[in-house]
Amino acid sequence: MSNSGWTSIAETNIGTVRKVNEDDFLDLPEAQLWCVADGMGGHAKGDVASQLITKTLSDLASNAPEELSVDSICDCIKQTNYTLIELSNQHNSIVGSTVVALFFTAEHAHLIWAGDSRIYRLRSNTLERVTRDHSQVEDMIDAGLISPEEAETHPKANVITRAVGAAVELDLDVKTLPLEDGDQFLLCSDGLNKVMNDLELEHALKTMDTKTISNRLIEIALNRKARDNVTVIVVRNEKQIEEALHETLPLDDTLPLHYSNKS
């Protein structure tokens, strides 16, 4: 398929509790590169970590666009990891961040991540999470120790097992998927998926227009008292979805009613 016509919209918000927004994002449709980084709350300078990740990737795309590749993106993130390790040593505390990046080549989408920031794909009106969280509760789910529902309220729900800046050797997951006509992608920090479930995110991608979707998703998260920073990037091909996308309901009615707000 052709990669022409891809567009995106991105937004971040501090949320309803935090004093600092430690999330950051990179929105470069011209380079077909997108990234969300969620600085590790409770540690020193989480905002510095997330901003350094997005800045170094932005510099890579700007300075050597012809050399942009999965390997160069991974190398860039790993170099940033070493820089953050040095900062951690100076502050005697981890200076770290999650990262999730999406990069398109001719007929493929490439996913690169560490931590629990996510990428979802909407294909044929069905949403699928295409990244796996690097977290203690995800490991426990895989081991059959707890259910996904139990993971949401588990005491270890916020403990991640990988992050940029957390260890000298950074293990990045990389996944390559074929692109198909009509594909849409959602990148987000966990501030969004902790207050919206998969069916609600699917409904949003199927019904909300590109100009307003990121703002509206964040508005919903804030209305549900999101306790974490919230960052959203939506990537879609306007030429392919123009006729399929219908937005006829006001904001309060655009989501199904099977979600119970967290206290």
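With full-length UniProt numbering, letter number 155 in the sequence shown gets 155, and the count goes up by one each step, no holes. Note that the Cβ used here is the ideal one computed from N, Cα and C, for glycine as well. Note that the structure is a prediction, hence the values are computed from the model and not measured.
Mapping DSSP to helix, strand and coil, what is Y259?
Unreliable positioning characterises Y259 in this predicted model, as indicated by a pLDDT of 36, which lies under 50. The coordinate reading is nonetheless provided below. Correct three-state label for Y259: coil.
Nearest by alpha-carbon distance to T93: which of N193, A167, K225 and T210 is it?
The sequence shown places Ser at residue 93, rather than the Thr named in the question. It is A167.
Taking the alpha carbon of residue 300 as the point to measure from, which residue in S69, N223 and S117 has its own alpha carbon closest?
Because the chain spans 1 through 263 in this model, residue 300 falls outside it and cannot be assessed.
Apart from the five residues just before and just after P178, which ones in its own chain have a Cβ nearer than 7 Å to its Cβ?
Closer than 7 Å at Cβ, skipping near neighbours: E107 and H108.
Using the rule of at least 16 other Cβ atoms within 10 Å of the residue's Cβ for burial, across every protein chain shown, is E200 buried or exposed?
buried
Counting along the chain, where does the alpha helix (DSSP H) carrying V48 start and finish?
G46 to N63
Provide the residue span of the beta strand (DSSP E) that contains T126, from first to last.
T126 to R129
Which runs of the beta strand (DSSP E) at least 3 residues long sit entirely within the stretch 124-164? Give them in chain order.
126-129
Using beta-carbon positions only, say whether L192 and V235 come within less than 9 Å of one another.
no
With H, G and I counted as helix, E and B as strand and the rest as coil, what does DSSP make of V70?
Helix, per DSSP.
At the level of alpha carbons, what is the spacing between F25 and A114?
15 Å
In the DSSP assignment, the beta strand (DSSP E) including K19 goes from what residue to what residue?
It is not in any beta strand (DSSP E) - K19 carries neither H nor E in the DSSP assignment.
Could you tell me which whole alpha helix (DSSP H) segments of length 4 or greater appear in the stretch 177-228?
With a minimum length of 4 residues, the continuous alpha helix (DSSP H) runs that stay inside the stretch 177-228 are 190-193, 198-207 and 213-223.
Could you check what DSSP says for D171 in three-state terms: helix, strand or coil?
coil
Would you call residue 351 buried or exposed, if buried means 16 or more other Cβ atoms sit within 10 Å of its Cβ?
Residue 351 is absent from the structure shown; the chain starts at 1 and stops at 263.
Going by the beta-carbon positions, is the gap between C74 and I53 smaller than 9 Å?
no
Residue range of the beta strand (DSSP E) that A109 falls in?
H108 to A114
Evaluate L28 with the Cβ neighbour count: other Cβ atoms within 10 Å of its Cβ, from every protein chain shown; 16 or more gives buried, anything less gives exposed.
buried
Considering only C-alpha positions, which residue in the set F104, R132 and N237 is nearest to L172?
R132
Just to confirm, is the Cβ distance from T176 to L111 under 9 Å?
Here T176 is near L111, since their CB atoms are less than 9 Å apart.
Kindly identify the DSSP beta-bridge partner or partners of C35.
L26 and A101
Rounded to the nearest angstrom, what separates L102 and I119 at their Cα positions?
8 Å
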